[in-house]
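J.: Heads up: the sequence shown begins at 1 in this note's numbering, then just goes up one per residue.
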Amino acid sequence: MKIQALTVGPLEENCYLVIDETTNRAVLIDPGDEPDRILEALHDSGATLEGVWLTHAHFDHVGGLAGVLRAHPVPVHMHPLDAPLHARAVESALGYGFRIEAPPPADSDLAEGDRVMVGSQSFSVMHVPGHAPGHVAFYDDSVVFGGDCLFAGSIGNSEILFGDRKTLDASLQRLVALGDALTVYPGHGRATTIGRERETNPFLLGTARLVRLKR
């Protein structure tokens with residue numbers, strides 16, 4: 001499996017191009033902005049796009065969706081509890097002074113325990129709300145695409161519309177239980193591991209308070 005991270009947009013969101021090298025099939029996770037850059041990376045990879053997976057529907061994670069789908073009309077997978085965020089993505093972006101194209105609707109509902117495929121590679125879906133009501137993570141036995149739940153040295157912001165800190169804390173405990181060896185590919189910032197965060201992340205250790213916004 002090949003994973004290419006593309007940091008896009010003014011909020012420096014991480015979009016991931018995930019390629020099953022056995023079949024040369026690919027998915028995009030959270031195409032948040034700069035669809036032309038994302039499409040160029042897909043073209044350069046030579047892989048065939050077969051779907052888009054959304055960890056959640058905040059505007060910085062769906063802002064490039066329309067542009068991607070114009071070139072590749074593939075199914076979009078999203079948890080239905082994030083439909084209100086998806087519907088207000090353009091409005092939310094304007095509230096931060098940004099403009100995005102309205103994201104097309106999702107085609108398929110994700111749920112806890114689902115398995116999603118890219119080529120021959122299988123990932124499980126974990127519902128991890130708290131930052132967003134329909135937030136999910138995609139994981140296998142070596143990696144987890146955690147969106148804005150867990151970051152290197154930080155956690156997602158729960159002091160936002162539809163956020164809830166107690167719910168987020170419960171979701172974080174579930175993520176940590178996946179195992180120390182898993183590499184975490186977050187929605188913002190550098191990759192890390194569950195073990196590193198379990199041992200050093202002040203928000204998991206209870207020694208810090210969230211002081212900056214994360215979306």
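Cβ atoms here follow ideal geometry from the backbone N, Cα and C, with glycine treated the same way.
#1: Excluding the five sequence neighbours on either side, which residues of its own chain have a C-beta within less than 7 Å of the C-beta of A216, listed in chain order?
#2: On a Cα-Cα basis, can you pick out the residue from E40, A57, F98, L178 that is closest to P84?
#3: With distance defined between alpha-carbon atoms, name the residue in E21, T7, K2 nearest to R190.
#4: Helix, strand or coil for R25 per DSSP?
#5: Taking C-alpha atoms, which residue in G195, T183, W53, G113 lies nearest to C15?
#6: Whole-angstrom Cβ separation of V68 and L39, contact assumed at under 8 Å?
#7: With DSSP as the reference, please indicate the residues paired to A137 in a beta bridge.
#8: At 3 residues or longer, and completely inside the stretch 155-190: list those beta strand (DSSP E) runs for me, N to C.
#9: If you drop the 5 nearest sequence neighbours on each side, which residues of the same chain put their C-beta closer than 6 Å to that of H79?
#10: Rounded C-beta distance between T193 and L182? I'm assuming under 8 Å.
#11: Between the alpha carbons of H77 and G63, how many angstroms are there, rounded?
#12: Given a cut-off of 8 Å on the beta-carbon distance, is the pair F59 and A26 in contact?
#13: Using the Cα positions of R115 and G206, report the straight-line distance between them to the nearest angstrom.
#14: Tell me, to the nearest whole angstrom, how far the beta carbon of H131 is from that of G163; I am working on the premise that it is less than 8 Å.
T.: So, from the data block:
#1: Because the chain is modelled from 1 through 215, residue 216 falls outside the range shown and cannot be assessed.
#2: Numbered from its first residue, the sequence shown carries residue 84 at position 84. In terms of CA proximity to P84, A57 leads the group E40, A57, F98, L178.
#3: Position 190 of the sequence shown holds residue 190. Looking only at E21, T7, K2, the smallest Cα-Cα distance to R190 is reached by T7.
#4: Here the question's residue 25 lines up with position 25 in the sequence shown. Residue state, collapsed to three classes: strand.
#5: In the sequence shown, counting from the first residue as 1, residue 15 sits at position 15. Nearest Cα to C15 within the set G195, T183, W53, G113: W53.
#6: Position 68 of the sequence shown, counting from 1, holds the residue named residue 68. Position 39 of the sequence shown, counting from 1, holds the residue named residue 39. In this structure V68 is in contact with L39, their Cβ atoms being roughly 6 Å apart against a cut-off of 8 Å.
#7: Working through the sequence shown from its first residue, we reach residue 137 at position 137. DSSP lists M126 as the beta-bridge partner residues of A137.
#8: You should have 183-186.
#9: The residue you call residue 79 lines up with position 79 of the sequence shown. Result list for H79: L110, G134, V136, in chain order.
#10: Position 193 of the sequence shown, counted from the start, is the residue given in the question as residue 193. Position 182 of the sequence shown, counted from the start, is the residue given in the question as residue 182. In this structure, T193 and L182 form a Cβ contact; the two beta carbons are roughly 7 Å apart against a cut-off of 8 Å.
#11: Along the sequence shown, one-based indexing puts residue 77 at 77. Along the sequence shown, one-based indexing puts residue 63 at 63. One C-alpha to the other measures close to 15 Å.
#12: Along the sequence shown, one-based indexing puts residue 59 at 59. Along the sequence shown, one-based indexing puts residue 26 at 26. Taking 8 Å as the Cβ cut-off, F59 and A26 do not qualify as a contacting pair.
#13: Position 115 of the sequence shown, counting from 1, holds the residue named residue 115. Position 206 of the sequence shown, counting from 1, holds the residue named residue 206. Rounded to whole angstroms, R115 to G206 spans 32 Å at the Cα level.
#14: The sequence position of residue 131 within the sequence shown is 131, counting from 1. The sequence position of residue 163 within the sequence shown is 163, counting from 1. Between G163 and H131 the Cβ distance is about 6 Å, and since that is below 8 Å, they are a contact.
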